[in-house]
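In full-length UniProt numbering, the protein residues as written are 1 to 351. Ideal Cβ placement from N, Cα and C applies to all residues, glycine included. From a predicted model like this one, the values you see are computed outputs, not experimental measurements.
1) Can you grab the Cα-Cα spacing for the pair residue 30 / residue 59, in whole Å?
2) What did DSSP end up calling residue 107 once you bin it into helix, strand or coil?
3) Using only the alpha-carbon positions, how far apart do residue 340 and residue 293 sit?
4) I need the boundaries of the beta strand (DSSP E) containing residue 255, first residue and last residue.
5) If you draw a straight line from the alpha carbon of residue 249 to that of residue 280, how long is it in whole angstroms?
6) Cβ of residue 354 within 8 Å of Cβ of residue 4?
7) For residue 355, which of helix, strand or coil comes out of DSSP?
8) Kindly list the residues whose CB is nearer than 7 Å to the CB of residue 137, restricted to its own chain and excluding five residues on each side of it in sequence; keep chain order.
9) Helix, strand or coil: how does DSSP classify residue 276 here?
10) Which value, in whole angstroms, describes the spacing of the CA atoms of residue 16 and residue 25?
11) Does DSSP classify residue 232 as helix, strand or coil?
12) With distance defined between alpha-carbon atoms, name the residue in 200, 74, 84 and 287 nearest to residue 63.
13) With DSSP collapsed to three states, give me the class of residue 289.
14) Kindly indicate which three-state DSSP category residue 68 falls into: helix, strand or coil?
15) Closer than 8 Å by C-beta to residue 1: which residues in its own chain qualify, once you throw out the five before and the five after it? Chain order, please.
16) Return the residue from the list 297, 150 and 344 that minimises the CA-CA distance to residue 360.
17) Per the DSSP calculation, residue 302 is bridged to which residue(s)?
18) For residue 314 and residue 94, I'd like the C-alpha separation in whole angstroms.
19) Could you check the C-alpha separation between residue 260 and residue 173 for me, to the nearest Å?
20) Quick check: what's the CA-CA separation for residue 188 versus residue 338?
21) Quick check: the Cα distance between residue 333 and residue 320, rounded to an integer number of angstroms?
22) Under the DSSP definition of a beta bridge, which residues are partnered with residue 139?
23) If I'm right that residue 268 touches residue 228 with Cβ under 8 Å, what's the distance once you round it to whole angstroms?
24) Name the DSSP beta bridge partners of residue 284, please?
25) For residue 8, count neighbouring Cβ atoms within 10 angstroms of its own Cβ and tell me buried if that reaches 16, exposed if not.
26) Give me the Cα-Cα distance between residue 184 and residue 210, rounded to the nearest whole angstrom.
27) Counting only the same chain and skipping the five closest in sequence on each side, list residues whose C-beta sits under 6 Å from that of residue 348.
28) What residues match up with residue 32 in a beta bridge as DSSP calls it?
29) Mapping DSSP to helix, strand and coil, what is residue 145?
30) Using a C-beta cutoff of 8 Å, does residue 55 count as contacting chain D?
31) Just tell me which of 70, 65, 23 and 56 has its CA closest to the CA of residue 45.
32) What's the C-alpha gap between residue 258 and residue 20?
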């Protein structure tokens, strides 16, 4: 699998670079090395490798600056980042640049590096879209919802389980911009969350056809499996939006897929979630509760969106509720104890 593959290592620690480089050469890789981001960019201009391994803590040009530059100049190049800080804020930012995987120093088992590289290259060789999210790389989302527990996935999940603070930082770091606009519509969210528990996680995507899809997950509600379950939902959500248009019927199928995966997996648990689709053309917001309850207030008309079935326990049997947006704005406020400070606002600017 690795025979003949070219790997560029951008790392300022000569000892670590030598260890990784020697191992990959023994595996049959062609290895090039650079000591910092500027040298890394020069090396890329000389030739594009099959994969890039980059440290996030480097002099001259920070790893984040380097990865961001690579994402713009070489969007098809698979990247794995390495963090020696143990913190997740930089890692989460790098993942938002399209990085396919991350490793945390110290790496006690060199086979983890091999597993990560093989997984990324396998997807690249298999024609997996370059815009696939790292969570799709981890969880290998399939149409039937089966989720094999690979050694690489096991390593990641065990590491996050052993470091709950890092897991929380990762989830928080993956949250999207708080204010976003597409055409005449604006989305914003407000959150004041405890630093002691896993957060409510929101993600959304604007689409070209005047739609916007989102989900919210109370990651703490799945206990120790909260981080893994939340990242798996992210993988399914991104894969669904990448492969087809969002509509109410399709989202019910998406929820069914996620539930099937939760029931079959050893690392995911039932969790409180909510899904929504904005249809700007029809001035409608369709919302489905999967155990995460909210008050939806549109122009003074409040609607309670409620469902006792958590995602993973037959939430796919629930119907979407439709909210009229002809008034031009709506606020979705979570009504769960401890989560009432989290709200999502959708507004038509021309109203």
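Here's the rundown:
1) 25 Å
2) Residue 107: coil per DSSP, three-state reduction.
3) 10 Å
4) That residue, residue 255, is in no beta strand (DSSP E); its alpha helix (DSSP H) goes 248-264.
5) 17 Å
6) Here the chain covers residues 1 to 351 and nothing more, so residue 354 does not appear.
7) An answer regarding residue 355 cannot be provided, because it is not within the stretch 1 to 351 covered by the chain.
8) 100, 101, 119, 120 and 123
9) strand
10) 14 Å
11) Note: residue 232 maps to helix in three-state DSSP.
12) 84
13) The DSSP-derived three-state label of residue 289 is strand.
14) helix
15) 118, 121 and 122
16) Nothing in the structure corresponds to residue 360, since the chain is present only between 1 and 351.
17) 297
18) 35 Å
19) Straight-line spacing of the CA atoms in residue 260 and residue 173 works out to 28 Å.
20) 20 Å
21) 17 Å
22) Residue 139 pairs with nothing; no bridge assigned.
23) For residue 268 against residue 228, the beta-carbon gap comes to about 6 Å, under 8 Å, which counts as contact.
24) 279 and 324
25) buried
26) 10 Å
27) 184, 185 and 328
28) 8
29) In this predicted model, residue 145 has a pLDDT of only 48, less than 50, meaning its place in the structure is not dependable; the value taken from the coordinates is given anyway. In this structure, residue 145 counts as coil in the three-state DSSP scheme.
30) Although the question refers to chain D, the structure presented lacks it and comprises just one protein chain.
31) 70
32) Using only the alpha carbons, I get a separation of about 37 Å.
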